[in-house]
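Peer 1: I am attaching a structure below and will ask some questions about it afterwards.
Residue numbers (the numbering used here): 52 to 575.
Encoded structure:
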């Protein structure tokens, strides 16, 4: 009897252990699912309250697909507070990963920019770009810092310097900082960059390069075109059509009746000047339809019959297309700064060519101008626009001084086998001579190009490798910051303005994760 009772008790204990183990496994799976779904909610810029709706969908699907396992779905917690906590945990894990990697950085740079959210509060974005000993590029958001008070150079410096210390970043290896041209960033004595340089000089005796965002400078260059006579009227027409619901509906119906490839006009935005390229092209293609529609509304259409104005419009359509293509080629993440500078140099050469061609009435690279001239039986001259191109060339030559001052270094990085030894810094000359005379390294350079070539450079070329680390880790623009602010407007919008700063920063950190992903098992 005793033995039977003992066996019965042991069997009961095993059943209990098995049951507890199953419950524990189910609980862990539910928590894991909660993290995964919360990450998806954040990555798609959805409100945290959507978690309740997603759970409702899961429950309904479970009742249909697997009615016996509905309880498993029921145990997945996706309440608003839970989703917010999960996203905070995921962001904290990403921060921990950055801190863990910081000791492996051979060189790093930061990009900083400031914008205001929907509530009018200033938000400072700080991105990190680093290079490890294997020449792997690591580009991630450090943090989005709310600045409820003033945004002076001192305020920005205090925030950024504290952030560098928080992430245990080796300050001696900070080699450059990219910003826009705001006085709070670039002020000679009290600007953020000046204060950061002063602090680093006091600590390590080191200096850093300051890069004025190459994309921002390109946009500033375009201002010299100055064809407000065209843009002001186009803005007036677009606002007349778009700002009145009835006009917009009637215009859309009007285009439909004419079997137009367009269904309407896009809004013109003053903030993103280069976006007007698309609007100008639409306006050009629809100019006859727009003219007819405006006539039905008793609007002044005299400019549509002015050949000089139409000629100006055709030139503006083509030159903004060229400038927009340039802008797009400079955008993106993980860009090598030398490639960005090469793109600008190529565009300056194109400007010289266009100026020469316009003086000779050669419209090869201005298709809209060529089309317009053909329709007027070659009676109009485009020579006058050569001056516009010349002004644009001068502006491009004047700006980008911070990049031009590094041109010799950029050439050494990109063309190490063809550079004259006399142009190489003295501490690198012996190494570069040996590299140039190494046929195996030269073959590898031809095979893979830069920056991949430097991964194959033996460790004994210490100075050359250090030089390459610095170039590869440099930011050429604040594009990642601008991209972040666009995402921020989707996460903190007029219909979602109650999200607090901590949750906003966490969500954006998860969204912008580039080379790392949240380690969900370690986030709990």
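All residues carry an ideal CB built from backbone N, CA and C; glycine is no exception.
Computed from a prediction, not measured in an experiment: that's the story for all the values here.
(1) What's the gap between the Cα of residue 97 and the Cα of residue 416?
(2) Rank 108, 525 and 404 by C-alpha distance to the C-alpha of residue 125 and give the top, closest one.
(3) Rank 427, 181, 256 and 209 by C-alpha distance to the C-alpha of residue 236 and give the top, closest one.
(4) When you compare only the Cα positions, how much space is there between residue 433 and residue 538?
(5) State the start and end residues of the unbroken alpha helix (DSSP H) segment that holds residue 133.
(6) To which residues of the same chain is residue 420 closer than 7 angstroms at the C-beta, ignoring the five residues directly before and after it?
(7) Thinking C-beta only, is residue 556 closer than 8 angstroms to residue 194?
(8) From the DSSP output, in three-state form, read off residue 539 for me.
(9) If I'm right that residue 211 touches residue 177 with Cβ under 8 angstroms, what's the distance once you round it to whole angstroms?
(10) Given this structure, state the Cα-to-Cα distance separating residue 79 from residue 129, to the nearest angstrom.
(11) Please look up how many angstroms separate the CB atoms of residue 512 and residue 482, rounded, as I've assumed it's under 8 angstroms.
(12) Measuring straight from C-alpha to C-alpha, what distance separates residue 558 and residue 86?
(13) Secondary structure at residue 559, three-state DSSP: helix, strand or coil?
(14) Roughly how many whole angstroms lie between the Cα atoms of residue 496 and residue 476?
(15) Residue 261: which of 514, 250, 230 and 278 sits nearest, CA to CA?
(16) Quick one: give me the first and last residue of the beta strand (DSSP E) that residue 177 is part of.
(17) What's the C-alpha gap between residue 473 and residue 265?
(18) For residue 563, is the classification buried or exposed, using 16 other Cβ atoms within 10 angstroms of its Cβ as the cut-off for buried?
(19) Rounded to a whole number of angstroms, what is the C-alpha to C-alpha distance between residue 560 and residue 166?
(20) Can residue 160 and residue 228 be called in contact, C-beta distance under 8 angstroms?
(21) Taking the beta strand (DSSP E) that residue 420 belongs to, which residues open and close that run?
(22) Per DSSP, what are the beta-bridge partners of residue 227 in this structure?
(23) So residue 342 and residue 355 are supposed to be a Cβ contact under 8 angstroms. How far apart are they, rounded?
(24) Along the beta strand (DSSP E) that carries residue 222, what are the first and last residues, could you check?
(25) So residue 131 and residue 99 are in contact, right, with Cβ under 8 angstroms, and what is the actual spacing, rounded?
(26) Which partner residues does residue 515 have in the DSSP bridge list?
(27) Output yes or no for whether 8 angstroms exceeds the beta carbon distance between residue 150 and residue 189.
(28) Considering only C-alpha positions, which residue in the set 201, 146, 283 and 197 is nearest to residue 217?
(29) If you reduce the DSSP assignment to three classes, tell me which class residue 412 lands in.
(30) In the structure shown, what three-state DSSP assignment does residue 570 receive?
(31) Over what stretch of residues does the alpha helix (DSSP H) that includes residue 367 continue unbroken?
(32) Would you call residue 403 buried or exposed, if buried means 16 or more other Cβ atoms sit within 10 Å of its Cβ?
(33) Looking at C-alpha atoms only, which residue of 531, 198, 248 and 157 is the closest neighbour of residue 168?
(34) By the 10 Å Cβ neighbour count, where 16 or more other Cβ atoms means buried, how is residue 507 classified, buried or exposed?
(35) Can you tell which of 183, 138, 111 and 196 has the C-alpha that lies nearest to the C-alpha of residue 535?
(36) So is residue 371 buried or exposed if we call it buried at 16+ other beta carbons inside 10 Å?
Peer 2: Once the coordinates are examined:
(1) 44 angstroms
(2) 108
(3) 209
(4) 42 angstroms
(5) 131-152
(6) 365, 366, 369, 414 and 433
(7) yes
(8) helix
(9) 6 angstroms
(10) 15 angstroms
(11) 5 angstroms
(12) 13 angstroms
(13) helix
(14) 21 angstroms
(15) 230
(16) 173-183
(17) 29 angstroms
(18) buried
(19) 17 angstroms
(20) yes
(21) Element bounds for residue 420: not the beta strand (DSSP E) but the alpha helix (DSSP H), 418-426.
(22) 160 and 260
(23) 4 angstroms
(24) Looking at the DSSP string, residue 222 is not in any beta strand (DSSP E), and its letter there is neither H nor E.
(25) 5 angstroms
(26) DSSP, once it has assigned bridges, lists no residue as partnering residue 515.
(27) no
(28) 146
(29) coil
(30) coil
(31) 358-381
(32) exposed
(33) 198
(34) exposed
(35) 196
(36) buried
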